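Report on one structure; see the data block that follows.
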Amino acid sequence: MAAVGYNWLLVLSSVFLCNLVKILLPSISSLLSKILQKDADQEMEMRTEIQNMRLELSSISMMDEFARYARLERKINKMTDKLKTHGGAYDLTHLEVLR
């Protein structure tokens, strides 16, 4: 008789847990989506900035404006390294396309 009571308790608790997950899932997924989207937006901004700096670098004469060229190149390298550590393996392959 006690086993039947535990079985019902198990069934009722699992139904309750499923309903709780059903209620909380949209909130949790929305929160995760916002967090992931924020990271994606930051990475996209960094990529755009790197691309703009590379475009500017290509317009600078290395021979005539070496200091400016070297400063900008260091800035690009620093931003690229930051993006590599921030994003992972996908970004490494994507950055090669940007070059």
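If you want our numbering, it's the position in the sequence shown, counting the first as 1, plus 1311. A virtual CB, placed ideally from N, CA and C, is assigned to each residue, including glycine. Because the structure is a prediction, the values reported are computed rather than measured.
Relative to the alpha-carbon of M1364, which residue among K1393, Y1380, S1324 has its alpha-carbon at the smallest distance? Y1380
Whole-angstrom distance between T1396 and I1387, CA atom to CA atom: 14 Å
Express the C-alpha separation of L1321 and A1314 in angstroms, rounding to a whole number. 10 Å
So what's I1371 in DSSP terms, helix, strand or just coil? coil
In whole angstroms, give me the CA-to-CA distance for T1391 and V1332. 40 Å
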